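Everything on this sheet refers to the single structure shown next.
Chains as they are written, first to last, in my numbering: chain A, 1167 to 1313; chain B, 82 to 300; chain C, -14 to 29.
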């Protein structure tokens, strides 16, 4: 009985410690999980670690598969931040989609990302849904106006 | 009681088979995420059932504190245990879903952190139940912890609105129409019903076991 | 655009099978233990 009790007590201490750490991590990190481009551009500190979140700007994405150099801009509609990264992004990453990048601001005026996370929207679509070109619509565009 | 549990078991098995058939046979390949989106039919139902399980713990614990009926305590205990299993699976399946889509197994955003806290609190609840020798005192402490821990459930749900998170906001459990086509929604709901039946099966079975354990102790 | 990633899907469903199956078996074992005469039950 004694050993069972100590085992439980030890388990309880471990759990309590984990809980305390998680609450600490939660409060310090989750409250402001990422900064927006507007917030970052207002007072950027070079060399400081940030998590930056926003939309990947359309037409900004440059990807060099041979050197793994990735460059794009992230925006919240008000401010835009240029981001550079070395490595393959997640499959879901793309233009006009949400992304969260971890890294730091450089004195050269761009954000150097170490990790790229793709955000996915709460919208799910089946093929041939609205917003997705159905075969009929595709035919229409092929035939051109007036067809 | 035993027959009710057996019927629930078969219904759950039937529902799960139907859910699998819907998830892999009927539901289409989602356009943005592709095949991997099918993890949703596992991740979302288990998450909702976990909410339900801890909601049951909350109510049963209040009933226990008010009336001191052993039955209420057994329901709370059983539901917490099954809730931990469902929460664990929600986290694991979500993590497996996160890797190919987000690009990470885990991140400390408000949704993931609050659900991790929920999981650990109910693990602590179960440890507490095992730690206290005196049944009546154990039940009382557990009821208090069960109520406090359940307060994290709304925090988990609303975390995606209250804070900036990597996790997306809800597609179904929100005001307004679900942001998914009817066939995906139907598949999801079939799975929700199936996992709810599985939860009910587990809880009735566990409650019955707890009752017999208590009888054996008193005998 | 997205690769199939079926391995992740398989892993998630396999894990579900292991966890639920494991819990179910645990309940069954306990059930059997309680059915055996009390004299043979000791420890847990």
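C-beta: ideal position from N, C-alpha, C; glycine also.
Bear in mind that the values here come from a model prediction, so they are computed numbers and not experimental data.
Annotated three-state conformation of residue 1285 (chain A) is coil, per DSSP. When the alpha-carbon of residue 275 (chain B) is set against those of B:90, B:192, B:291, the nearest one is in B:90.
CA-CA distance, residue 138 (chain B) to residue 1264 (chain A), rounds to 37 Å.
Three or more Cβ pairs drawn from the region 214 to 232 of chain B and the region 139 to 150 of chain B lie within less than 8 Å of each other, which places the two stretches in contact. Of all residues in the region 241 to 264 of chain B, the ones placed with a Cβ closer than 7 Å to any Cβ belonging to chain A are 244, 245, 246, 247, 249, 250, 251, 252, 260, 261, 262, 264, in chain order. Residue 1251 (chain A) has a beta carbon lying at 8 Å or more from every beta carbon in chain B.
With its beta carbon at least 8 Å from every one in chain A, residue 233 (chain B) lies outside the interface.
When C-beta atoms of the region 1204 to 1219 of chain A are compared with those of the region 1260 to 1277 of chain A, three or more pairs fall below 8 Å, so the two segments count as touching. Rounded to the nearest whole angstrom, the C-alpha separation of residue 149 (chain B) and residue 157 (chain B) is 12 Å.
Residues of the region 180 to 206 of chain B with a Cβ closer than 9 Å to any Cβ of chain A, in chain order: 180, 181, 182, 183, 184, 185, 188, 189, 190, 191, 192, 193, 194, 195, 197, 198, 201, 202, 204, 205. Inter-residue distance for residue 15 (chain C) and residue 122 (chain B) is about 30 Å (C-alpha atoms, whole angstroms). The straight-line gap separating the alpha-carbon atoms of residue 1179 (chain A) and residue 1186 (chain A) is approximately 10 Å.
Distance between residue 112 (chain B) and residue -3 (chain C), taken at the CA atoms: about 20 Å. Secondary structure note for residue 1270 (chain A): it is in no alpha helix (DSSP H), and the uninterrupted beta strand (DSSP E) holding it is 1264 to 1271.
The three-state reading of DSSP puts residue 1240 (chain A) in strand, counting E and B together. The C-alpha of residue 92 (chain B) lies about 32 Å from the C-alpha of residue 236 (chain B). Within the same chain, and ignoring the five residues on either side of residue 1277 (chain A) in sequence, the residues whose Cβ sits closer than 8 Å to its Cβ are 1206, 1216, 1218, 1240, 1247, 1248, 1249, 1250, 1267, 1269, 1270, 1271.
Membership of residue 226 (chain B) in the alpha helix (DSSP H) is indicated by the continuous run 216 to 231.
Distance between residue 250 (chain B) and residue 192 (chain B), taken at the CA atoms: about 10 Å.
Proximity of residue 1288 (chain A) to chain B, defined by a Cβ-Cβ separation below 8 Å, is satisfied.
In the displayed model, residue 248 (chain B) falls within coil according to three-state DSSP, outside both helix and strand. Looking at B:289, B:295, B:298, the one whose alpha-carbon comes closest to that of residue 13 (chain C) is B:289.
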